[in-house]
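Student: One structure, pasted below without further comment.
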Amino acid sequence: NSGASALEFANASGGKIGAIATGYLKTTVTFSSSSADASMGLSATITPTKAGSSILVSANVTSGGDSGTAAGYHFSLYRNINSGGNSKLTAAHGNAAGSRNTAFLSGAQESGGGTWVTQSSSNTFIDTPTYTLGNGIVYEIKGGGAGSTSRHVNRSARDGDSEDDSRNMSSIILMEILA
């Protein structure tokens, strides 16, 4: 693209991009949380093709919260290398301050908001995991926050059977950046 009017991508034979993996969540999920992060079924697994590669993680979650409370919620990014256990990737989250939660993605408004409200939140992060070739690396988005109200993924709290309420899709995309 010599005119610099569009994005350009290198192919794997050019030595820039390796494996690519995707995960989609089209069903709706409802969870309540105190402060523990809950699994929602949004994950993807990538097996790097070269030692020392970085992994580009891009995710989008659409959510809706019940109105009437001030309890906030968020979505966190987790990584699991070769079934070795989930680790929260705090480097991919905002800075901690006081007792505030850190997050990779934000949740929809709850306090005083309408039950028909949804919000999409997206973020991108380049991870530099330590792994052995052949290891599968799972990246997962989990939801959590304060309070015990219901939080809804891919729909509003109202979720009425009408054209006023939509159902959405959430996604996670992984791309190996070759070392």
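Residue numbers for the sequence shown follow the working numbering, beginning at 207 and rising by one. Quick reminder that beta carbons are idealized off the backbone N, C-alpha and C, glycines included.
Buried or exposed, going by whether 16 or more other CB atoms sit within 10 Å of the CB of Gly270?
Tutor: Buried is the call here.
Student: Are the CB atoms of Leu248 and Ile347 nearer to each other than 8 Å?
Tutor: Taking 8 Å as the Cβ cut-off, Leu248 and Ile347 qualify as a contacting pair.
Student: Among the residues of its own chain, which have a CB less than 6 Å from the CB of Val344, if the five just before and after it don't count?
Tutor: Ser249, Thr251 and Asn286.
Student: Relative to the C-alpha of Gly333, which residue among Gly366, Thr308 and Ser260 is closest?
Tutor: The displayed chain sequence assigns Asp, not Gly, to residue 333. The shortest Cα separation from Asp333 among Gly366, Thr308 and Ser260 belongs to Ser260.
Student: Taking Cβ positions, are Thr234 and Thr268 nearer each other than 8 Å?
Tutor: Against a cut-off of 8 Å, the Cβ pair of Thr268 and Thr234 comes out as no contact.
Student: Compute the beta-carbon to beta-carbon distance between Ile383 and Ile223, rounded to the nearest angstrom, for a pair I have assumed lies under 8 Å.
Tutor: Contact holds; Cβ gap of about 7 Å.
Student: In its own chain, which residues sit with a C-beta less than 8 Å from the C-beta of Thr228, not counting the 5 before and 5 after it?
Tutor: Once the five neighbours on either side are set aside, the close Cβ partners of Thr228 are Ala250, Ser377, Ile378, Ile379 and Leu380.
Student: Going by beta-carbon coordinates alone, are Gly350 and Tyr279 separated by less than 8 Å?
Tutor: Closer than 8 Å, so yes.
Student: Thr321 and Ser368 look like a contact to me (Cβ under 8 Å); what is the Cβ gap, rounded to whole Å?
Tutor: The pair is not a contact, with the Cβ atoms about 13 Å apart (cut-off 8 Å).
Student: Do you know offhand how far Thr255's Cα is from Arg357's?
Tutor: Taking the straight line from one Cα to the other gives about 37 Å.
Student: DSSP state of Ala218, grouped into three classes?
Tutor: A caution first: Ala218 carries a pLDDT of 46, below 50, which makes its placement in the model too unreliable to give a value.
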